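A.B. asks: This note's numbering puts the first residue of the sequence shown at 2, with every later residue one more than the last.
Dropping a structure here in structure tokens format, bear with me for questions.
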Amino acid sequence: MLPKKKILFVLPSLCAGGAERVFSFICQQFDANAFEVKLIVLGFEKEAVYNVDAVPVVYLNKSRLLLGIVALFRVIVKEKPAIVVSSIVHLNLLMGCFSLFLTTIKFIGREASVVSKMNEFSNFNSTLNTLLMKTFYPRLSAIICQSDDMRNDFIHTLKLNPSKLILIHNPITFLPTLDRKKNISSTFNFVTVGRLSPEKGYLRIIDGLSKIDQYDFHYTIIGSGPQDELIREKLENYKLTSKVTFIPFTSSVLEEVNRNDYFIQGSYVEGFPNALLESCIVGTPVIAFDAPGGTKDIVINGLNGFLVADEAEFASILTHIDQLKLINSDLVKQSVLTKFESDRIVKQYVALFNLLCSK
């Protein structure tokens, strides 16, 4: 029998977040006869919102990455893994640095954004960020990209070796159990899930909704963030306040999405839009702007929703309610269940691990 390959997954925390949810799920899916998997978390166990009972977890109990560098290095040295997989840019940069000293270990970074576009919305110094990535990302053995746009951006922006850039989508981490709610009211219901921040495009969503005068609608916003006040002001200016419900947080996001007729995504950039994918999983079709990132990997025009090029096309779609009603919720579900099925995605991780271990 071949010896097990030891894999360490490294996360900043197990707080609610896209990377945290995906990694906490993925790390528990590997064959225990072939892989010895352990999860290293820089943060605290008390913050964890994801169940990771199927794998050993080491909590470093550090409030910031900077405070955990030495402890993390020591853990990796002690564990002697074949592969270390990290996510979030700051951790990926650190792993690139570690690779200078731990030359027998293969380091894999999972990237979550289209760097060149996300830099336009980041408060972090984008020039410094790009310089650090150009310095340390080439040190990684592989970089997992969640979309073709992300992969192409790394090639053109950071001049990274295309052979190191591996396309692996996020998996579906659950199977739908909700019955699709039928809209029996005369009001058409829209929903968006996401942080209230500039890159999420809430202001242009509201601009589009303001053009609707052929039918009654209601819009639900699930999330919180720095643009809360600005969004409310814009709604007030359009006299749409009574048509919008804010839900800062809920543990029943899917139930809320399932109650609505359409999910709207206004983002200017997306790494891989998990909320949009989950909307399709429960059968709620989507209207999304064709932004850099993984959106176009999910949305199939006319089958599970509509991909719009700009504000004018968005407004046009919204005002044609007969066209919106043509989408079949069962087909919406089927459009994503095979492509993003978890076993398929895990096999891609296994193939990458085996490839790197053979080098």
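From the three backbone atoms N, C-alpha and C, an ideal C-beta is built for every residue, glycine too.
This one's a predicted model, so the numbers in the text were calculated from it and none came from an experiment.
1. Within the continuous beta strand (DSSP E) that includes L133, where are the two ends?
2. In chain order, what residues of the same chain have a beta carbon less than 6 Å from the beta carbon of L94, not counting five sequence neighbours either side?
3. From I206 to L236, what distance separates their C-alpha atoms?
4. Under the rule that 16 or more other beta-carbon atoms within 10 Å means buried, what is V78, buried or exposed?
5. In whole angstroms, give me the CA-to-CA distance for N275 and V287.
6. By DSSP, does R196 sit in helix, in strand, or in coil?
7. Would you kindly check if the distance between the Cβ of Y220 and the Cβ of L210 is under 8 Å?
8. Counting C-beta neighbours from all protein chains within 10 Å, is the total for C281 16 or more, i.e. buried, or is it exposed?
9. Would you list, in sequence order, the uninterrupted alpha helix (DSSP H) runs of no fewer than 4 residues that lie entirely inside the region 209-295?
10. Between E80 and E312, what straight-line distance do the alpha-carbon atoms span, to the nearest angstrom?
11. Excluding the 5 residues preceding and the 5 following I392 in the sequence, name in chain order all residues of the same chain whose CB lies nearer than 6 Å to its CB.
12. Give the DSSP bridge partners of R111, in chain order.
13. Give every residue of the same chain whose Cβ lies closer than 8 Å to the Cβ of D149, excluding the five residues on either side of it in the sequence, and list them in chain order.
14. Compute the Euclidean distance between the alpha carbons of S87 and E48, then round it to the nearest angstrom.
15. CB-CB under 8 Å to I70, same chain, minus the five flanking residues each way: which ones, in chain order?
16. May I ask which residues mark the beginning and end of the beta strand (DSSP E) holding Y60?
17. Within a Cβ cutoff of 7 Å, which residues of the same chain sit near D291, ignoring the five residues on either side of it in sequence?
18. Nearest to E46 by CA position, among K39, Q30, K63, F36, is which residue?
19. Would you kindly report the start and end of the unbroken alpha helix (DSSP H) that includes K360?
20. Identify the residues that DSSP records as bridge partners of G306: which are they?
21. Taking L161 as part of the alpha helix (DSSP H), name the residues at either end of that continuous run.
22. Identify, in the order they occur along the chain, each residue of the same chain with its Cβ nearer than 6 Å to the Cβ of V351, setting aside the five sequence neighbours on each side.
23. Determine whether the beta carbon atoms of I8 and V38 lie at a separation below 8 Å.
24. By how many angstroms is the C-alpha of I265 removed from the C-alpha of V192?
25. In angstroms with no decimal places, state the Cα-to-Cα distance between Q215 and S343.
26. Would you kindly work out how many angstroms separate the C-alpha atoms of T128 and H170, rounded to a whole number?
27. Terminal residues of the continuous beta strand (DSSP E) containing E37?
28. What separation, rounded to the nearest whole angstrom, lies between the Cα atoms of E1 and V59?
29. Beta-carbon within less than 7 Å of S187's beta-carbon, same chain only, minus the 5 sequence neighbours each way: which residues are those?
30. Using DSSP with H/G/I as helix, E/B as strand and the rest coil, what is V71?
31. From Q349 to P177, what distance separates their C-alpha atoms?
32. When the Cα of S117 is compared with those of T105, R111, R152, which residue comes out closest?
C.D. replies: A quick look at the data gives this:
1. Residue numbering aside, residue 133 sits at position 132 when the sequence shown is read from its first letter. Looking at the DSSP string, L133 is not in any beta strand (DSSP E); the run it does join, the alpha helix (DSSP H), is 127-137.
2. Position 93 of the sequence shown, counted from the first residue, corresponds to residue 94. Once the five neighbours on either side are set aside, the close Cβ partners of L94 are L133, F137.
3. Start at 1 with the first residue of the sequence shown, and residue 206 comes out as number 205. Start at 1 with the first residue of the sequence shown, and residue 236 comes out as number 235. Taking the straight line joining both Cα atoms gives about 11 Å.
4. Within the sequence shown, residue 78 is the residue found at index 77, counting from 1. V78 counts as exposed, since fewer than 16 other beta carbons sit within 10 angstroms of its beta carbon.
5. One-based indexing of the sequence shown puts residue 275 at position 274. One-based indexing of the sequence shown puts residue 287 at position 286. So the two alpha carbons sit approximately 13 Å from each other.
6. Position 195 of the sequence shown, counting from 1, holds the residue named residue 196. In this structure, DSSP gives R196 a state outside helix and strand, which the three-state scheme calls coil.
7. Within the sequence shown, numbered from 1, the residue matching residue 210 stands at position 209. Within the sequence shown, numbered from 1, the residue matching residue 220 stands at position 219. Yes.
8. Sequence index remark: in the sequence shown, residue 281 carries index 280 (1-based). Taking all protein chains shown into account, C281 has 16 or more neighbouring C-beta atoms within 10 Å of its C-beta and is therefore buried.
9. You should have 229-238, 254-259, 275-282.
10. Residue mapping note: residue 80 aligns to position 79 of the sequence shown, counting from 1. Residue mapping note: residue 312 aligns to position 311 of the sequence shown, counting from 1. Each residue's Cα considered, the two are about 52 Å apart.
11. Summary: the structure shown does not reach residue 392, with the chain confined to residues 2 through 360, and so no result is reported for it.
12. The residue you call residue 111 lines up with position 110 of the sequence shown. Answer is S88, I145.
13. Taking the sequence shown and counting its residues from 1, the one referred to as residue 149 is at position 148. Around D149, the same chain offers L168, D298 as residues with beta carbons nearer than 8 Å, after the five sequence neighbours per side are excluded.
14. Working through the sequence shown from its first residue, we reach residue 87 at position 86. Working through the sequence shown from its first residue, we reach residue 48 at position 47. Taking the straight line joining both Cα atoms gives about 19 Å.
15. Translated into the one-based positions of the sequence shown, residue 70 becomes position 69. For I70, same chain residues with a beta-carbon under 8 Å away, outside a window of 5 residues either side, are L95 in chain order.
16. Locating residue 60 in the sequence shown gives position 59, counting from the first residue. Y60: member of the beta strand (DSSP E) spanning 58-60, first to last residue.
17. Start at 1 with the first residue of the sequence shown, and residue 291 comes out as number 290. Within the same chain, Cβ atoms closer than 7 Å to the Cβ of D291 are found at K297, L308, V309, A310, the five residues on either side in sequence being excluded.
18. Counting from 1 along the sequence shown, the entry for residue 46 is found at position 45. When only C-alpha atoms are compared, the closest one is K63.
19. Locating residue 360 in the sequence shown gives position 359, counting from the first residue. Where K360 is concerned, there is no enclosing alpha helix (DSSP H), given that its DSSP letter is neither H nor E.
20. Here residue 306 corresponds to residue number 305 of the sequence shown, with the count starting at 1. Answer is V287, N302, bridged to G306.
21. Here residue 161 refers to the residue found at position 160 when the sequence shown is read from its first residue. Looking at the DSSP string, L161 is not in any alpha helix (DSSP H), and its letter there is neither H nor E.
22. Position 350 of the sequence shown holds residue 351. The beta carbon of V351 sits closer than 6 Å to none of the beta carbons in its chain outside the five residues before and after it.
23. As a first step, residue 8 must be located in the sequence shown, where it is residue number 7. As a first step, residue 38 must be located in the sequence shown, where it is residue number 37. Yes, Cβ-Cβ distance for I8 and V38 is below 8 Å.
24. Taking the sequence shown and counting its residues from 1, one reaches residue 192 at position 191. Taking the sequence shown and counting its residues from 1, one reaches residue 265 at position 264. In a straight line, the C-alpha of V192 is about 6 Å away from that of I265.
25. Locating residue 215 in the sequence shown gives position 214, counting from the first residue. Locating residue 343 in the sequence shown gives position 342, counting from the first residue. Approximately 41 Å between the Cα atoms of the pair.
26. For this step, residue 128 is matched to residue 127 along the sequence shown. For this step, residue 170 is matched to residue 169 along the sequence shown. Whole-angstrom Cα-Cα distance: 28 Å.
27. Here the question's residue 37 lines up with position 36 in the sequence shown. Taken as a continuous stretch (DSSP letters only), the beta strand (DSSP E) holding E37 covers 36-42.
28. Outside the shown range of the chain (2 to 360) lies residue 1, about which nothing can therefore be said.
29. Working through the sequence shown from its first residue, we reach residue 187 at position 186. Excluding positions up to five away in sequence, the list reads D217.
30. Position 70 of the sequence shown, counted from the first residue, corresponds to residue 71. Under the three-state reduction of DSSP output, V71 falls in the helix class.
31. Taking the first residue of the sequence shown as 1, we reach residue 349 at position 348. Taking the first residue of the sequence shown as 1, we reach residue 177 at position 176. The alpha-carbon separation between Q349 and P177 amounts to approximately 23 Å.
32. Sequence index remark: in the sequence shown, residue 117 carries index 116 (1-based). If we check each option's Cα against that of S117, R152 comes out closest.
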